[in-house]
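> Chains as they are written, first to last, in my numbering: chain H, 1 to 102; chain X, 103 to 595; chain U, 596 to 1081. Questions regarding the structure given below will be posed in turn.
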């Protein structure tokens, strides 16, 4: 509803970090304004009273799509690793990981 | 130039031995080498692959084996379709040079049908755009006017067909990215019913909206390609059987007795010259025996906002995998998180970053219900509104794009202005229903105009029958064939 | 010591499902393979890949739900978005607000009922090894990622906070493991990571008080460490509270060597996973026929198996503790079907139970493959005296080792003919004749004399290669001596 504060710099900085992007100050200002305009436009949807309406996540009406538990040949490891930025010991090598998985 | 005959004709020539696939491929490749520098439709020309595939088709013909319904037809593939061993970059720095270890299902089906892949076409980065200007390797130019955009995001595919390099190209359509460039370039562009063409191997932008579709010079070619690439794929959980009968078989059934609605809100969104084409198309359909009326579907106006909440949301998640770990660009950094940040910051362009941030925001705690879920509710409303319309009408028409091709650089700094290019095409993505853009007349500036035919789910046949009628009735000014051609074997009009 | 404080524990158990392939692709679900050999576009997160759900994983998830008394519901999949190198797509496909199983219950052996809030499907991550001096993530120079495990099907089972001690938590995990193995869903190999446990621990002064602040202890991989970690954590929290401090809500790691929980060094932030429905998958709505076919093929669960054995012993009141232990052992090792079948073929119940719990248990894997009729035949031979207990155990050893499958033949091969009374008497006579001094002392009678029974029995045993029955040797010696002199 209309008492939502307009998208601001801190919001954009926050989502940039969540999305693993870094922005310069100039970009932060620039993108904030552009994104705020998109959300301003989206008020036409955001402000509607759709409380009785179920969301449609998918236009399809399919259910229960499954496959048999039968192995299928895997990819050639060398072909996949050939495209990897850094490989060691047949594994993907990455710089130190700070922090445990959530 | 022989390559510019429609696919139906070329395939027949090859199957009957009148022409060799190799000769057709060589001619296409020569034309591309000579003339694409001025257009920029192709991001990569696959000469070796094309010749190998063409030779294989010729061998099949020589040995009396069925070479397939698209035998020898040169095709362009939008660069978000995975081609094994061949760079698939989505026109992004972050995937520069990436060679997939597998083919997309549609690519396999084209090969099985005897088609010959001559190259990967330019696109807006990760399919995000309406002008092909966000490509990391530079824009494609509209073959009708090099100072104008070809539309997007499948601008390269549309231009490759409009310029006569290939009779068929595949694109992908999430908010209009096959139909809108088709309209701006004066070619046919089909977005099939969601689920009828496998997405396996299509690099995802917005998963509940993306569909692969053909860009062609004729409606018959669009039907041919749809029948080849469509159909259930066990590798895609959202995949349906394509409808029967095969579209190509019913293309000439005409429109007598069908009812057509002209969608007021879509026409109102268009410039006067474009609206004029729609009116002329309505008359042509009436003259061919359809009952044509205006219909108001106010819910279409919710589409732009709903789309720009849903699509970036899904995209922000789909593009998370580009992190420098397993493939693509890596920018070194002391720890993994910093490496992810440096890689993505260097690898993605501005529009992609905008949509990722927007998508992350609308999915974030505290906002997801107000924005993303709300957009999904608006989608329910739109589906209901279109269902009500299709209870009264067999098909709907409207403009494809609000304007003709706009000048390069004129909207790139104004995202909302760029997004408004999609207002007429977005509804069919949100509802999952089929729609085709068919060239119909010219704008005030002489540039191509596309008219859009929309239909209910699984009614490709109805939609393409109607498009065939419009094709036959196309007014003067409708681009017959591509720029620079001396027009042998051009589209039948 | 927790004194009067009440410890409150809830457990989240991640169970790897015993399917042949992964949850969303046809790569093999196998432990210990060469790195990155079981990968495909889907599980390594390549551009353009799409997930397709494994039917068997759904069967096993429903089997688990049925075994835990859950309601099986129509369900959907959601994306849980977060960046981590072992998460190939940087989102996990999981279930969020519409999981497949809800509202079950697990009853412990002591009768405590533990609520099962939910048991849902999700995909596993790849594995990372850290290169550096400790092999731990902190201070590593770099890390290496293997995606073989990425996409393996998991069911995450979330209990209500109904457990009240480390011991109860151990009992819960043990019973749950038995259920997961019995339902066919899991191989139960915690040492291979088939079951991983996270514990949520809090304390409160009394059960009337609201729940205290809880801490999550991650990745407990053995029953023993679960108990130890919970006990440590409870004591840690109690000490904090008793000294006027607060418990900070956080995630902690159990350090097995040091025997304590430690804060994970990463800054604790409330992760915003931005859950939304997975657009590449469609909803799951197993119909009645599907659900019934799963529950119909469900094997007996541990509790029912224990009750079945107990009923074989007859229901004359509560069992002695030793019997109860034997039953728990036999069911725990998966040998109860063997015992039941042997009893059906005529073996005596208590003997079958003893031999299964004691001797057969030494090689449970071989015992599970044992023919019930062979086992029964052997037990009958022992029960009717054709074989001594020692001999019977030796033949059982042969059966387990796979030396043969016919107890009578195996006994004959070892020369375990039943000794006739005459041949036994002959051997005793020989031994007695060879040791006249000892025989005289034995004839004299008294306490010392009885000790010589052991002396003579040992010689008889040596002479007969253990075939003689010790009790019968003693009886023969006494018979020879005649009535003791007064």
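All C-beta atoms in this analysis are idealised placements derived from N, C-alpha and C, irrespective of residue type, glycine included.
(1) For residue 360 of chain X, which residues of its own chain have a beta-carbon under 6 Å away from its beta-carbon, when the five flanking residues on both sides are left out?
(2) Can you have a look at residue 73 of chain H and say buried or exposed, based on whether 16 or more other CB atoms are within 10 angstroms of its CB?
(3) My output table needs one value for residue 737 of chain U: the three-state DSSP class, helix, strand or coil.
(4) Pairing CB atoms from the segment 732–749 of chain U with CB atoms from the segment 714–721 of chain U, are three or more of them under 8 Å?
(5) Evaluate contact between the segment 191–210 of chain X and the segment 159–168 of chain X, counting only Cβ atoms and requiring at least three cross-stretch pairs below 8 Å.
(6) So residue 414 of chain X is in the alpha helix (DSSP H); what residue range does that whole segment cover?
(7) Considering only the beta carbon of each residue, do residue 142 of chain X and residue 241 of chain X sit closer than 8 Å?
(8) How do the segment 807–816 of chain U and the segment 697–712 of chain U stand: do at least 3 beta-carbon pairs fall below 8 Å, yes or no?
(9) Starting from residue 702 of chain U, follow its DSSP beta bridges and name the residues at the other end.
(10) How should residue 560 of chain U be labelled, buried or exposed, when 16 other C-beta atoms within 10 angstroms of its C-beta is the threshold for buried?
(11) How about residue 208 of chain X and residue 292 of chain X: are their beta carbons less than 8 Å apart?
(12) For residue 608 of chain U versus residue 792 of chain U, is the C-beta spacing smaller than 8 Å?
(13) Which stretch, first to last residue, makes up the beta strand (DSSP E) that contains residue 686 of chain U?
(14) According to DSSP, is residue 754 of chain U part of a helix, a strand, or is it coil?
(15) My output table needs one value for residue 723 of chain U: the three-state DSSP class, helix, strand or coil.
(16) Is residue 340 of chain X helix, strand or coil by DSSP?
(17) Taking 8 Å as the threshold (beta carbon to beta carbon), is residue 12 of chain H in contact with chain U?
(18) Quick one: which residues of the segment 403–418 of chain X get their C-beta closer than 9 Å to a C-beta of chain U? List them in chain order.
(19) Taking the C-alpha atoms as reference points, what is the distance between residue 625 of chain U and residue 125 of chain X?
(20) Any Cβ of chain H within less than 8 Å of the Cβ of residue 913 of chain U?
(21) My guess is that residue 289 of chain X and residue 406 of chain X are in contact by the Cβ rule of under 8 Å, so how many angstroms apart are they, rounded?
(22) Hey, how far is the Cα of residue 515 of chain X from the Cα of residue 366 of chain X?
(23) Tell me whether residue 236 of chain X sits in a helix, a strand or coil according to DSSP, three-state version.
(24) Give every residue of the same chain whose Cβ lies closer than 8 Å to the Cβ of residue 457 of chain X, excluding the five residues on either side of it in the sequence, and list them in chain order.
(25) Give the residues of chain H in contact with residue 629 of chain U, contact being defined as C-beta atoms less than 9 Å apart.
(26) Applying a beta-carbon distance threshold of less than 7 Å, which residues of chain X neighbour residue 56 of chain H?
(27) So, is the C-beta of residue 649 of chain U closer than 8 Å to a C-beta in chain H?
(28) Going by Cα to Cα distance, which pick from X:531, X:328, X:431 is closest to residue 488 of chain X?
(29) With three or more C-beta pairs closer than 8 Å as the rule, is the segment 369–380 of chain X touching the segment 546–560 of chain X?
(30) Just mark residue 840 of chain U as buried or exposed, buried being the case when its beta carbon has 16 or more other beta carbons within 10 Å.
(31) Take residue 824 of chain U and list the residues in its own chain whose beta-carbon comes closer than 7 Å to its own, dropping the five residues that flank it on each side.
(32) Residue 1151 of chain U by DSSP, collapsed to three states: which one?
(33) Along chain C, which residues have their Cβ under 9 Å away from the Cβ of residue 660 of chain U?
(34) Tell me, which residues are paired with residue 520 of chain X by DSSP?
(35) Residues of chain U with CB under 8 Å from residue 427 of chain X, in chain order?
(36) Three-state secondary structure (DSSP) at residue 18 of chain H?
Taking the structure as given:
(1) 392, 496
(2) exposed
(3) strand
(4) yes
(5) no
(6) 405–420
(7) yes
(8) no
(9) U:708
(10) Residue numbering for chain U in the displayed model covers 596 to 1081; residue 560 of chain U lies beyond these limits and cannot be assessed.
(11) no
(12) yes
(13) 686–689
(14) strand
(15) strand
(16) coil
(17) no
(18) 415, 416, 418
(19) 50 Å
(20) no
(21) Their Cβ separation, rounded to whole angstroms, is 25 Å, which puts residue 289 of chain X and residue 406 of chain X out of contact at 8 Å.
(22) 30 Å
(23) coil
(24) 230, 413, 414, 417, 418
(25) 77, 90
(26) 478, 481, 482, 485
(27) yes
(28) X:531
(29) yes
(30) exposed
(31) 794, 812, 815, 849, 856
(32) The structure shown does not extend to residue 1151 of chain U, since chain U spans only 596 to 1081, so no value can be given for it.
(33) The structure shown has no chain C; the protein chains it does contain are H, X and U.
(34) Beta-bridge pairing links residue 520 of chain X to no other residue.
(35) 680, 740
(36) helix
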